[in-house]
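Those protein sequences? They're chains A and B, same order as listed. For what it's worth, this note's numbering labels the leading residue of the first sequence as 216, then goes sequentially. For what it's worth, this note's numbering labels the leading residue of the second sequence as 216, then goes sequentially. Glycine included, every Cβ here is placed at the ideal spot set by N, Cα and C. Computed from a predicted model, the values in this text were never measured in an experiment. Worksheet for the structure shown next.
2 protein chains.
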Amino acid sequence: MTEPNETRRPYHHGDLKRVIIDTALKMLSESNGWQFTLREIARRAEVSHAAPYKHFPDKDSLLAELALIGFDKLRDDLTISIGLLAASPIEQLIASAGAYIRFGLANPSHYKLMFSADAGGAGVVHLNERAMSAFAVLRDILKRGQNEGIFKKHPLEGQAAACWAQVHGLTMLSIDGLLLPEKVGANAIEAALRTLLEGLQK
Amino acid sequence: MTEPNETRRPYHHGDLKRVIIDTALKMLSESNGWQFTLREIARRAEVSHAAPYKHFPDKDSLLAELALIGFDKLRDDLTISIGLLAASPIEQLIASAGAYIRFGLANPSHYKLMFSADAGGAGVVHLNERAMSAFAVLRDILKRGQNEGIFKKHPLEGQAAACWAQVHGLTMLSIDGLLLPEKVGANAIEAALRTLLEGLQK
DNA sequence: ACCTGAACACCGTTCAAGT
DNA sequence: ACCTGAACACCGTTCAAGT
């Protein structure tokens, strides 16, 4: 359907790594899980099935890179969500929780991949760093809330873990179809977040 | 190492389905994820690689059955944990949360499999039923707590979702190595559960 | 009723060889 | 510096045939 830019596809693709990543991201969004094959990616990119190995040592490395990209995107989404309103920590927490869950539900396979140790392999360290970087957004809201006397001054780590676990749990359970309205009430997610907030507030 | 019971292994194995499930459970506990192969299971069971197909239509069906078994075990663990003490709902909630997280950390691959839609396929319905059956244990504690005037009388669904999401989130993040003491404090899990409880209590 | 052996259509990964 | 083609050692799954 789309006409190639070059009249003859050159031997050297030029930007294959980008294309591989983009294709993989698309396949991630098109189906459940990350069972897509490297060979299928190569087919869609119109290169030989061995070509991807010039850019990634193996499939796990590609998956790890996709996970990194996901955490960066999540951090950006969270940052944007709290920036939109120069509001109270409570409002910020609600907004960022919403953004977090929305990210997960919009990209379920990608989200699950981000937290899957499969994606680890060699690059687990970087992965955890990026995860913590997204996590830090939530943590900072809590810190501000404590400083402003809105949240209880309990150890920050515990509160932060509670928030992260709550949004992660809600996101995962929703993705896996276990928080459906028929099962668990129409707005269980909002209610759950309210419960969390009541535990945090003075 | 172990001597077979029969002097000559008979053509008909007799209890192959059980052996397949047990072998799969063992492999699940021996490595990350469920990338084990049906052929390897057949090898360990000393049958042909086609034999498992007489008992499971495909690999996903086997995985689904493993997930069912997991939810049943989890429900049992939860039930036992609250039965040990004829205690207050608060103590029961803490005990069951502990049992829940311990289950996940003791069987990380199995736990993740239980919540993985991969395992769904045809039997998603039964799976969700079993999941809800485990979930009901938590829900009942909350119900009692409300009746006894210990927990806020907010809609039960929201409170239950908050509890499940909290323990599920803590379990998953721990499994994935994101709640390590170095990262997030020594007893972030206990602290997170305390935050949850403070949101529930009157 | 349950199991085997051969066969099919795939994978991931490697490597010498091409441009 | 980047890509290809053939090759290897696997899979999951099927099916006619055996016991």
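Excluding sequence positions up to five before and after A407/B, its CB lies within less than 8 Å of the CB of Q381, L385, all in the same chain and listed in chain order. Secondary structure note for L371/B: its alpha helix (DSSP H) is the uninterrupted segment 371 to 390. Counting along the chain, D230/A sits inside no alpha helix (DSSP H), nor does DSSP assign it H or E at all. The Cβ atoms of L357/B and L371/B lie closer than 8 Å to each other. Across the structure, E280/A and K327/A are spaced so that their CA atoms are roughly 14 Å apart.
Residue pairing for Q416/B: DSSP places it in a beta bridge opposite F366/B.
The segment 254 to 335 of chain B is shown to contain no whole beta strand (DSSP E) run of 3 or more residues. Not a single C-beta of chain B is nearer than 8 Å to the C-beta of R345/A.
In the three-state scheme derived from DSSP, where H, G and I count as helix and E and B as strand, G360/B is classed as helix. For Q381/A, a Cβ of chain B is located within less than 8 Å of the residue's own Cβ. Across the segment 365 to 381 of chain B, CB contacts with chain A closer than 9 Å involve K367, H369, P370, L371, E372, G373, Q374, A375, A376, A377, C378, W379, A380, Q381, in sequence order along the chain.
One Cα belongs to D355/B, the other to L300/B, and the distance between them is close to 15 Å.
Note that the C-beta distance between L411/B and F366/B is not below 8 Å. Comparing alpha carbon positions, the residue from S276/A, A312/A, E413/A closest to W249/A is S276/A. Between the segment 242 to 257 of chain A and the segment 297 to 314 of chain A there are fewer than three C-beta pairs closer than 8 Å, too few to call the two in contact.
In this structure, the alpha-carbon of A351/A lies about 40 Å from that of E261/A.
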